[in-house]
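Per our numbering, residue 1316 is the first one in the sequence shown, and the count goes up by one each step.
Yeah, the Cβ is synthetic: ideal placement off N, Cα and C, and Gly gets one too.
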Amino acid sequence: MNSHVLNGIVAFLAFSIAVSAYAAGDLAKGKTTYEICAVCHGADGEGTPELNVPKIGGQEEWYVARQLQNFKAGLRAPDTSDLYGTQMRALSMTLADDQEITDVSAYVASLSPAAVVDTVSGDVAQGKAAYAICVTCHGANGEGNQALNSPKLAGQHDWYTVRQLQNYKSGVRGGDPKNVFDTQMRPMAMVLTTDAAVDNIAAYINSLD
1316 MNSHVLNGIV AFLAFSIAVS AYAAGDLAKG KTTYEICAVC HGADGEGTPE LNVPKIGGQE
1376 EWYVARQLQN FKAGLRAPDT SDLYGTQMRA LSMTLADDQE ITDVSAYVAS LSPAAVVDTV
1436 SGDVAQGKAA YAICVTCHGA NGEGNQALNS PKLAGQHDWY TVRQLQNYKS GVRGGDPKNV
1496 FDTQMRPMAM VLTTDAAVDN IAAYINSLD
């Protein structure tokens, strides 16, 4: 075999191994990093409604990582009227690099999701009908679809689902064209023309857990 080809293969394999090692989440390190997150999100990622902090335990690792990257890059919560988003953006800046994000995301995904609690009064039947448009990307059971970059919805606090849908509708979220996936979500939220429609679909999603 040509020595240049062999050297190229060796270099490629070494690079692939390095990338794989960097990409793998270290749960022990992630748990240590998560200590600062637990103050608001809870030891098990159950969230704290009193602080307007969502549930994150059991969310998909790839989605948690993407949101942390987006917060750090200013792609999420660029609008200062998103008070809670801007608070999270500041905290994301404490994560030193991609590896630390990978580690803490893996740890968050390893946590067992807390049980849901109904806090939004909505018509579940009407919400189910409205959810039909969401199924293609988010799945019939709200399980999400990584191939479509669509996160899991089931199991999240219903009040948080409402707030995010309202943020999409108002442009507080999804208003920056550089954030491709949030921009795609915004017109879907616009289909929900009333507050009642938002409550209905949130109530239905809450029933999927």
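For ASN1515, the closest C-alpha among the options TYR1446, GLY1454 and ASN1367 is that of TYR1446. Assignment of beta-bridge partners to THR1363 by DSSP yields VAL1368.
Approximately 12 Å separates the beta-carbon atoms of LEU1366 and CYS1352; this is outside 8 Å, ruling out the contact. DSSP lists ASN1460 as the beta-bridge partner residues of SER1465. A direct Cα-to-Cα measurement between THR1395 and ARG1404 gives close to 10 Å. In the DSSP annotation of this structure, the continuous segment of the alpha helix (DSSP H) that includes HIS1356 starts and ends at 1342–1356. Less than 8 Å separates the beta-carbon of ARG1391 from that of ASP1497.
Within its own chain, the residues whose Cβ lies closer than 8 Å to the Cβ of LYS1346, once the five positions on either side in sequence are excluded, are TYR1422, listed in chain order.
PRO1492 and ALA1430 have their C-alpha atoms some 35 Å from each other.
For the pair VAL1450 and LEU1463, the Cα-to-Cα distance works out to about 12 Å.
Judged by beta-carbon spacing, TYR1475 lies within the 8 Å limit of PRO1369, meaning their Cβ atoms are closer than that value. The C-alpha of GLY1362 is placed about 19 Å away from the C-alpha of TRP1377.
With distances taken between CA atoms, ASN1385 lies nearest to ASP1413 out of ASP1413, ALA1469 and ALA1512. When secondary structure is reduced to three states using DSSP, PRO1502 falls in the helix class.
In this chain, the alpha helix (DSSP H) harbouring GLU1376 covers 1376–1388. Across the set THR1509, ASN1494 and ALA1358, the C-alpha of ALA1358 shows the shortest separation from the C-alpha of SER1427.
In this structure, DSSP gives HIS1453 a helical state, which the three-state scheme calls helix. Membership of LYS1484 in the alpha helix (DSSP H) is indicated by the continuous run 1473–1485.
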